[in-house]
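Asks:
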Amino acid sequence: MFLQKISNQIELVAWRDSDNDLLRLKESRFFWKWPIFDQLLKAMNKDCSSGGIYIIRGPRQVGKSCLVKKLACALFETNNFHSAYLLRGDLIDDYKELAEAFTGILENHKDRKNGTGLLFLIDEITFVSGWQRAVKALVDTGMISRSTLVITGSNSYDLKKAAELLPGRRGRGFDSELLPMDFRDFRKYSGIPLFGRDLFHLYLQTGGFPHSINEYISLKSTINSQSVYLSWIKGDILKAGKSDELLKELFGALIQNGAQPAGFDAIRHKTSFGSHNTVREYIEFLESAFVVNQVPFIKPGIWTFNPKKNRKIFFRDPLITRIAMKWPVHKEIADPGNGYLYESVVAEHLKRLGGVRFGYVRNKSEQEIDFYSEDFAIEVKSGKRLASDDLLGLKKIDHPSRYLLYGGDESLQQSGINIMPVWDFLENEKNNSTPRS
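Residues 5 to 441 (our numbering) make up the sequence shown, in order.
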């Protein structure tokens with residue numbers, strides 16, 4: 005069950021030099037500085053005596069395992085922790101086994117009051133059925149009140165629900181997200197000697213998952229990565245008791261639909277789903293697993309979403325979009341083109357800003373504005389040149405911050421509208437947030 009127990013420097017070095025994840029990280033063709041690493045390390049070193057529960061959410065295969073292992077190395081070297089225990093959620097059957105593991109460890113350290121100086125790192129805890137019960141019971145009894153727990157998982161709904169069960173019981177711990185590299189980090193860390201449109205279009209091929217970027221740098225391909233990530237998605241959907249065949253059809257329907265708003269019933273008609281409620285369940289599951297984003301219709305002025313209106317559905321990373329386009333289906337799926345990919349990357353960028361409530365709207369002439377909030381009104385076009393009607397929608401709305409993002413090279417202002425290449429917008433410092441927590 006245990007991935008590793010570390011009680012001294014000799015054990016640390018032996019584990020660090022033999023662990024497969026850390027060895028692969030060492031051999032990586034590029035170095036990605038995780039945006040949340042320094043924040044977590046500083047907080048945990050500060051709270052080592054009082055303890056806390058830290059939750060790291062993110063999709064599978066994004067690097068959460070490597071992150072917690074590097075945290076373990078860095079934290080143990082500070083001598084602030086007596087022992088570190090790394091557990092793999094995929095090797096634990098249920099919450100009872102998890103609770104027994106904790107109890108056994110704490111029994112071995114009973115001379116250390118309330119587990120003082122103990123560090124627990126539990127990777128992919130969402131594999132453990134009912135895991136929240138074990139953690140809550142241990143917290144409520146005070147058994148781990150002065151231990152530090154780092155929990156990772158790939159189901160955002162499950163982890164958020166668990167956090168709500170522990171109000172005031174987590175010490176100074178907090179929630180973080182580790183997501184695939186956005187375009188700004190891709191440019192900064194990949195080391196690929198391209199710029200502007202060329203680099204952005206490469207990002208649309210590789211996405212931001214480390215495995216995919218490494219594969220491209222080495223082999224100029226992402227075929228293996230696509231297979232790995234498809235297996236992850238299929239495995240998770242089957243584990244949730246759902247059908248991978250229906251998922252295949254759903255992916256095809258979403259690609260066919262592109263960036264057009266659609267309702268669950270309209271999607272049902274393109275698939276074998278029995279009801280629109282089942283379509284909704286699948287999409288909500290994919291959203292909780294960091295596979296898709298939903299962009300709903302928003303009511304300007306009151307900034308509330310209308311659940312009865314159609315919504316846009318985007319894949320959260322370009323690599324996942326590529327997988328959805330290529331996964332075999334019963335009929336040929338047309339390439340949605342760069343327009344969908346451009347818009348999906350912008351949607352993900354805005355989603356990561358944190359605290360920004362946005363959706364799509366239609367102006368008085370029923371022209372759609374792709375992304376709209378109190379802070380911005382954004383239209384996305386993929387063409388290198390602007391057509392005469394590309395600005396019409398933005399011209400007919402009253403908003404202080406209007407943007408048209410496109411596939412050209414020139415930045416200018418026209419009729420009060422900021423026109424710029426989409427990659428410049430994504431890289432602009434003022435359009436980027438600090439790491440979400």
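We treat Cβ as the ideally placed atom computed from N, Cα and C, and that holds for glycine.
Since the model is a prediction, treat every value here as computed from it, not as a measurement.
Comparing C-alpha positions only, which one of I59, A103, V283 sits nearest to R137?
Replies: Position 133 of the sequence shown, counted from the start, is the residue given in the question as residue 137. Considering only alpha carbons, the answer is A103.
Asks: Please name the residue in I259, R174, V350 whose C-alpha comes closest to that of K140.
Replies: Within the sequence shown, numbered from 1, the residue matching residue 140 stands at position 136. Of the candidates I259, R174, V350, the one whose C-alpha sits nearest the C-alpha of K140 is R174.
Asks: Pairing CB atoms from the stretch 147–157 with CB atoms from the stretch 266–285, are three or more of them under 8 Å?
Replies: No, they do not touch.
Asks: Smallest Cα separation from I302: which of S292, I373, E81, A328?
Replies: As a working mapping, residue 302 is identified with position 298 in the sequence shown. Measuring from the Cα of I302, the nearest candidate turns out to be I373.
Asks: Nearest by alpha-carbon distance to L234: which of R20, A328, S87 is it?
Replies: Here residue 234 refers to the residue found at position 230 when the sequence shown is read from its first residue. Of the candidates R20, A328, S87, the one whose C-alpha sits nearest the C-alpha of L234 is A328.
Asks: Nearest to F277 by CA position, among D25, Q298, E253, F187, is which residue?
Replies: Working through the sequence shown from its first residue, we reach residue 277 at position 273. Comparing Cα positions, the closest option is E253.
Asks: Which first and last residues belong to the alpha helix (DSSP H) in which D413 is found?
Replies: Here residue 413 refers to the residue found at position 409 when the sequence shown is read from its first residue. Unbroken run through D413: none, as it is neither H nor E.
Asks: Which of the three DSSP states, helix, strand or coil, is assigned to V17?
Replies: As a working mapping, residue 17 is identified with position 13 in the sequence shown. Three-state DSSP puts V17 in a helix.
Asks: Go ahead and label N159 buried or exposed: buried means 16 or more other beta carbons lie within 10 angstroms of its beta carbon, across all protein chains shown.
Replies: Indexing the sequence shown from 1 puts residue 159 at position 155. N159 is buried by the Cβ-count criterion.
Asks: Compare the C-alpha of V257 against each of G245, R272, S247 and name the closest.
Replies: Here residue 257 refers to the residue found at position 253 when the sequence shown is read from its first residue. Looking at the sequence provided, one finds Ala at residue 257 rather than Val. Of G245, R272, S247, the residue nearest in Cα terms is R272.
Asks: Do the CB positions of E111 and T156 come within less than 8 Å of each other?
Replies: For this step, residue 111 is matched to residue 107 along the sequence shown. For this step, residue 156 is matched to residue 152 along the sequence shown. Not closer than 8 Å, so no.
Asks: With DSSP as the reference, label H334 as helix, strand or coil.
Replies: Working through the sequence shown from its first residue, we reach residue 334 at position 330. Low per-residue confidence applies at H334: pLDDT is 47, beneath 50, and the placement is therefore not dependable, though the value from the model is reported in the following sentence. Correct three-state label for H334: coil.
Asks: Please give me, in chain order, every unbroken run of the beta strand (DSSP E) with length at least 3 that falls completely inside the stretch 55–111.
Replies: For the stretch 55–111, whole beta strand (DSSP E) runs of length 3 or above, ordered along the chain, are 56–61, 87–92.
Asks: Going by beta carbon distance, what residues of the same chain come within less than 8 Å of Q331, once the five residues before and after it are set aside?
Replies: On the sequence shown, position 327 is the one that residue 331 refers to. Rather than Gln, the amino acid found at residue 331 in this sequence is Trp. Excluding positions up to five away in sequence, the list reads L234, K252, F255, G256.
Asks: Write down every uninterrupted run of the beta strand (DSSP E) in the stretch 332–382 whose length is 3 residues or greater and which is fully enclosed by it, in chain order.
Replies: Counting whole runs of 3 or more residues, the stretch 332–382 contains the beta strand (DSSP E) stretches 363–366, 372–376.
Asks: When DSSP labels each residue in this structure, what does K388 get in the three-state scheme?
Replies: To locate residue 388, count along the sequence shown from 1; it is residue 384. Looking at K388 - three-state DSSP - the assignment turns out to be coil, as it is neither helix nor strand.
Asks: What does the Cβ neighbour count give for F187, buried or exposed, with the cut at 16 atoms within 10 Å?
Replies: Along the sequence shown, read from residue 1 onward, the residue named residue 187 stands at position 183. Buried, because 16 or more other Cβ atoms sit within 10 Å of the Cβ of F187.
Asks: Assign T308 to buried or exposed, taking buried as 16 or more other Cβ atoms, counted over all protein chains shown, within 10 Å of its Cβ.
Replies: For the purposes of this step, residue 308 is taken as the residue at position 304 of the sequence shown. So T308 counts as exposed.
Asks: Below 8 Å between beta carbons: does that hold for K274 and Q260?
Replies: As a first step, residue 274 must be located in the sequence shown, where it is residue number 270. As a first step, residue 260 must be located in the sequence shown, where it is residue number 256. Closer than 8 Å, so yes.
Asks: Roughly how many whole angstroms lie between the Cα atoms of D413 and L27?
Replies: Numbered from its first residue, the sequence shown carries residue 413 at position 409. Numbered from its first residue, the sequence shown carries residue 27 at position 23. Each residue's Cα considered, the two are about 41 Å apart.
Asks: Give a yes or no on whether 8 Å exceeds the smallest Cβ distance from I327 to chain C.
Replies: Among the chains of the structure shown, chain C does not appear; only one protein chain is present.
Asks: Helix, strand or coil: which one does DSSP assign to N228?
Replies: Within the sequence shown, numbered from 1, the residue matching residue 228 stands at position 224. Helix at N228.
Asks: Excluding the 5 residues flanking L390 on each side, which residues of the same chain have their C-beta closer than 8 Å to its C-beta?
Replies: Taking the first residue of the sequence shown as 1, we reach residue 390 at position 386. Hits under 8 Å: L408, Y410, G412, I423.
Asks: So if DSSP puts E181 in a beta bridge, which residue, or which two residues, is it bridged to?
Replies: Locating residue 181 in the sequence shown gives position 177, counting from the first residue. For E181, which the question treats as bridged, DSSP gives the partners R61.
Asks: For a minimum of 4 consecutive residues, which ranges assigned as the alpha helix (DSSP H) are wholly contained in the stretch 219–306?
Replies: Fully enclosed alpha helix (DSSP H) runs of 4 or longer: 227–243, 248–261, 268–272, 280–292.
Asks: How do the stretch 193–204 and the stretch 311–318 stand: do at least 3 beta-carbon pairs fall below 8 Å, yes or no?
Replies: Contact fails: fewer than three Cβ-Cβ distances are below 8 Å.
Asks: In whole angstroms, what separates the C-alpha of Q8 from that of G108?
Replies: Position 4 of the sequence shown, counting from 1, holds the residue named residue 8. Position 104 of the sequence shown, counting from 1, holds the residue named residue 108. For Q8 and G108, the distance between alpha carbons rounds to 15 Å.
Asks: Do S216 and L323 have their C-beta atoms closer together than 8 Å?
Replies: The count along the sequence shown starts at 1 and reaches residue 216 at position 212. The count along the sequence shown starts at 1 and reaches residue 323 at position 319. Yes, Cβ-Cβ distance for S216 and L323 is below 8 Å.
Asks: Ordered along the chain, which non-local residues of its own chain (more than five positions away) have a Cβ less than 6 Å from that of K388?
Replies: By one-based count along the sequence shown, residue 388 stands at place 384. The answer, listed in chain order, is G411, G412.
Asks: Taking C-beta to C-beta, are V384 and Y376 nearer than 8 Å?
Replies: To locate residue 384, count along the sequence shown from 1; it is residue 380. To locate residue 376, count along the sequence shown from 1; it is residue 372. Not closer than 8 Å, so no.
Asks: Can you round the beta-carbon distance between F80 and L122 to whole angstroms, since I take them to be within the 8 Å contact cut?
Replies: If you number the sequence shown from 1, residue 80 lands on position 76. If you number the sequence shown from 1, residue 122 lands on position 118. That pair is no contact at about 11 Å.
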